[in-house]
Structure formats: C-alpha cells, structure tokens
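Engineer: Numbering (the numbering used here), first residue to last: 6 to 120. Let me begin by handing over the structure; questions about it come next.
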Ligand code: FES
C-alpha cells in the first residue's frame with residue numbers, strides 16, 4: 006500500500022489536501038473513489054481526460070499506452086489519467102484547483118490547462 010496526498014481546491018478556493026491509501030494493484034482513481042472522495046471521472050477507459058490530474062511527486066505506470074492521448078509536454082509536466090495510472094510509490098497528486106487545473110469538463114476539446 007502506498008500513501009497518496011491528494012491536493013485539491015478547498016471550499017473557499019484555497020488548496021486543501023487529504024491522505025488516501027493507494028493500492029499498487031489498482032488505478033489511482035479507484036483508490037480515491039474507494040476512499041469515498043469525490044473525484045471527477047467519466048469513461049474509465051482513458052479517453053475522456055476527465056480524470057486528468059498531475060503527479061507532483063512519486064512514480065506511476067500505465068495500464069494503457071497514453072502517448073496519443075496526452076501530449077508529450079503534459080506527460081513531462083506530470084499529468085496522468087488517474088483511471089489508467091497505477092501507483093509505484095507514495096504520490097502527491099494535484100487535482101482540481103491545484104497546480105493550474107481549474108477546469109475539468111467532460112469534453113476533450115474544452116479541457117483548460119493553466120500552468
Ligand atoms: S475517466 Fe475518462 S480518461 Fe479517465
């Protein structure tokens with residue numbers, strides 16, 4: 006079991022955090038949802054980008070090939086699809102409102118990144 010620190014936008018706009026147990030046998034998203042934390046997702050198969058977040062520290066591996074889904078630039082910056090990423094260490098994970106992820110609509114073409 007790995008430890009995840011989930012950073013997100015708090016009620017009054019501040020960055021808040023919560024600790025979550027990350028199982029090395031399942032996706033980051035599944036562990037987050039298992040902890041009853043509300044995390045946006047839609048397709049669960051790595052196509053909609055709704056679950057995209059950014060790994061601030063730690064290592065992950067993927068269940069699928071994502072090179073044609075996320076740009077090389079975003080991968081380099083640490084963006085991952087939580088529904089397809091498996092933890093390989095403790096992680097610090099930035100979600101909505103953290104590290105410039107302000108908008109997480111369900112449609113790929115309207116995803117907004119602010120770095
Ligand atoms: S839920 Fe659609 S890409 Fe993860």
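Even for Gly, the Cβ is constructed at its ideal location relative to N, Cα and C.
Take residue 47 as the anchor and find which of 39, 40, 57, 41 has the nearest alpha-carbon.
Structural biologist: For the purposes of this step, residue 47 is taken as residue 42 along the chain shown, with counting starting at 1. Comparing Cα positions, the closest option is 57.
Engineer: Using a Cβ-Cβ cut-off of 7 Å (strictly less than) and excluding sequence neighbours within five positions of residue 7, which residues of its own chain qualify?
Structural biologist: Against the chain shown, residue 7 aligns to sequence position 2. Cβ neighbours of residue 7 beyond the five flanking positions: 27, 29, 92, 94, 95, 96.
Engineer: From residue 86 to residue 9, what does the alpha carbon distance come to, in whole angstroms?
Structural biologist: Reading the chain shown from its first residue, position 81 is the one you call residue 86. Reading the chain shown from its first residue, position 4 is the one you call residue 9. Straight-line Cα distance between these residues: approximately 15 Å.
Engineer: Do the CB positions of residue 32 and residue 90 come within less than 8 Å of each other?
Structural biologist: Mapped onto the chain shown, residue 32 falls at position 27. Mapped onto the chain shown, residue 90 falls at position 85. Taking 8 Å as the Cβ cut-off, residue 32 and residue 90 qualify as a contacting pair.
Engineer: For residue 20 and residue 41, what's the separation of their Cα atoms in angstroms?
Structural biologist: Translated into positions along the chain shown, residue 20 becomes position 15. Translated into positions along the chain shown, residue 41 becomes position 36. Rounded to the nearest angstrom, the two C-alpha atoms are 19 Å apart.
Engineer: Can you tell which of 82, 52, 53 has the C-alpha that lies nearest to the C-alpha of residue 64?
Structural biologist: Against the chain shown, residue 64 aligns to sequence position 59. Ranking the options by Cα distance to residue 64, first place goes to 82.
Engineer: May I ask which residues mark the beginning and end of the alpha helix (DSSP H) holding residue 35?
Structural biologist: For this step, residue 35 is matched to residue 30 along the chain shown. Start and end: 33-39.
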